[in-house]
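Counting from 14, one number per residue, gives the positions in the sequence shown under the working numbering. By construction, the Cβ of each residue, glycine as well, lies at the ideal position given by its N, Cα and C atoms. Input: a single structure, listed below in structure tokens.
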Amino acid sequence: MGVIIIDGSTVRDFVDDEAHFTTTVNESFAALDLNKDGVLSRSELRRAFETLRLIETHFGVDVATAPEELTKLYDSIFEKFDCDHNGTVDLEEFRNEMRKILLAIADGLGFSPIQIAIEDDGESILKKAADLEAQKISKSSSDKV
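So this is what it looks like as structure tokens:
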């Protein structure tokens, strides 16, 4: 478990850095595509959101949610990602929705920095955004010396 400090500009700069953003999202997609068929099924995307436990917890406290409510919620998330409504999410659809989600996070954060506890598994997109910002700051500092 680690702690990062980010604000909206950290996330927005990450999304704007096309090379880093694309590489990160492509890696995330590949990790979620368990059967390696090049698309995400409803169950693969649901599994990804279940591991985040965003719905089953409230400020770290477990919340009981009826299974049918969870299914409806996960189905609506899948429909948002499946823009062409063909029953799967391809890489381009995934990338576009992740861009929208991250930009919404950036807008929500604004310029108020927050601390976030994250897993040290190397998979967190927000951790990668913070790492990119740290690299830029380090490079800027070394260029001044």
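- Residue environment: E106 is assigned as buried (16 or more neighbouring CB atoms within 10 Å of its CB, all protein chains considered).
- The beta carbon of R112 lies closer than 7 Å to those of V28 in the same chain, with the five residues before and after it left out.
- Uninterrupted beta strand (DSSP E) stretches at least 3 residues long and entirely within the region 72 to 157 occur at 127 to 131, given in chain order.
- Look at L53 here: in three-state DSSP terms it is strand.
- Here H33 has F27, K141 and L145 as same chain residues with Cβ atoms under 8 Å from its own Cβ, once five neighbours each way along the sequence are excluded.
- Taking every protein chain shown into account, the CB of D95 has 16 or more other CB atoms within 10 angstroms, so this residue is buried.
- With the rule of 3 Cβ pairs closer than 8 Å, the region 83 to 94 does not count as touching the region 34 to 49.
- I138 is classed as buried because its beta carbon has at least 16 other beta carbons within 10 Å across all chains shown.
- When only Cα atoms are considered, I17 and A147 end up about 11 Å apart.
- Its chain contains V38 as the residues whose beta carbon lies nearer than 6 Å to that of R108, once the 5 sequence neighbours on both sides are disregarded; these appear in chain order.
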